[in-house]
Amino acid sequence: MSTTTLSSQDHIKKAMACFGTGVTVITTHHDGQDWGMTCNSFNTVSLDPAMVLWSIKNSSSSHAAFSQSTGYTVNILSLEQHALAMRFAQGSHAERFSGLKLIRMTDNRPRLDGALAWFDCSLHSKVTAGDHDIMLGNIIDCSSQTDTAPLLYAQRQFGTLKPWQA
Ligand SMILES: Cc1cc2nc3c(=O)[nH]c(=O)nc-3n(C[C@H](O)[C@H](O)[C@H](O)COP(=O)(O)O)c2cc1C
């Protein structure tokens with residue numbers, strides 16, 4: 088198996104950054120504590136059954152919590168929630184949730200009030216893939232609103248949608 092060198096990792100990361108995504112905060116509740124992290128590897132997998140995925144770095148401090156809990160809630164951030172993207176990428180997990188209005192989902196999972204959309208999922212399986220694990224989930228429930236702009240991320244910058252006008 089080949090090893091990816093540091094310089095080639097930078098090369099890959101630069102190319103991957105050209106793929107624009109939405110921004111999510113994925114949350115769970117484990118061992119009496121709320122856990123949450125910013126994530127842009129979220130994607131759809133299947134409609135029947137309804138399934139999604141995201142990937143978590145093995146070295147993440149929340150890896151055990153997400154692996155051992157029964158599921159996770161995906162919060163799709165709106166533009167107005169841009170500050171949450173960096174808040175949920177650093178600091179203690181308790182600080183990340185401090186002062187936020189939370190709605191409790193299955194197994195006490197916290198959902199962030201005001202998200203553009205959310206998916207509450209049970210953990211289907213975990214697939215080990217290099218230095219990340221792919222977290223496959225079955226959608227239990229979801230909801231969305233369309234009157235708010237999405238937060239988007241591309242080329243290491245946050246922004247929002249500029250619709251194409253021919
Ligand atoms: C825009 C953005 C997207 C991110 N996407 C992911 C991701 O898909 N998977 C991941 O493991 N980390 C991702 N991160 C990094 C995690 O949010 C960060 O490493 C984590 O919250 C660190 O805390 P922890 O180790 O305590 O979980 C992303 C960060 C940002 C800012």
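For the sequence shown, the numbering used here assigns the number 88 to the initial residue and increments by one for each residue that follows. Even glycine gets a Cβ: it sits at the ideal position worked out from N, Cα and C. None of the values given here were measured: they were computed from a predicted structure.
query = For residue 95, which three-state DSSP category applies?
reply = Residue numbering aside, residue 95 sits at position 8 when the sequence shown is read from its first letter. Reduced to three states, the DSSP call for residue 95 is helix.
key: Nearest residue (CA-CA) to residue 205, options 191, 100, 215   = As a first step, residue 205 must be located in the sequence shown, where it is residue number 118. Ranking 191, 100, 215 by Cα distance to residue 205 puts 191 first.
task = Would you mind giving the Cβ-Cβ distance between residue 145 and residue 220, rounded to the nearest angstrom? I have them listed as a contact below 8 Å.
result = Within the sequence shown, the letter at position 58 stands for residue 145. Within the sequence shown, the letter at position 133 stands for residue 220. The Cβ separation is near 6 Å, so the contact holds.
query = Per DSSP, residue 190 forms a beta bridge with which residues?
reply = Counting from one through the sequence shown, the residue named residue 190 turns up at place 103. In DSSP, residue 190 forms a bridge with 198.
key: Local conformation of residue 172 per DSSP, three classes   = Your numbering for residue 172 matches position 85 in the sequence shown. Note: residue 172 maps to helix in three-state DSSP.
query = Between residue 101 and residue 154, is the Cβ-Cβ spacing less than 8 Å?
reply = Here residue 101 corresponds to residue number 14 of the sequence shown, with the count starting at 1. Here residue 154 corresponds to residue number 67 of the sequence shown, with the count starting at 1. Taking 8 Å as the Cβ cut-off, residue 101 and residue 154 do not qualify as a contacting pair.
request  = Identify whether residue 129 lies in helix, strand or coil by the three-state DSSP scheme.
outcome  = On the sequence shown, position 42 is the one that residue 129 refers to. Looking at residue 129 - three-state DSSP - the assignment turns out to be coil, as it is neither helix nor strand.
ask   = What does residue 112 pair with, by DSSP beta-bridge criteria?
value = Within the sequence shown, residue 112 is the residue found at index 25, counting from 1. DSSP, once it has assigned bridges, lists 125, 162 as partnering residue 112.
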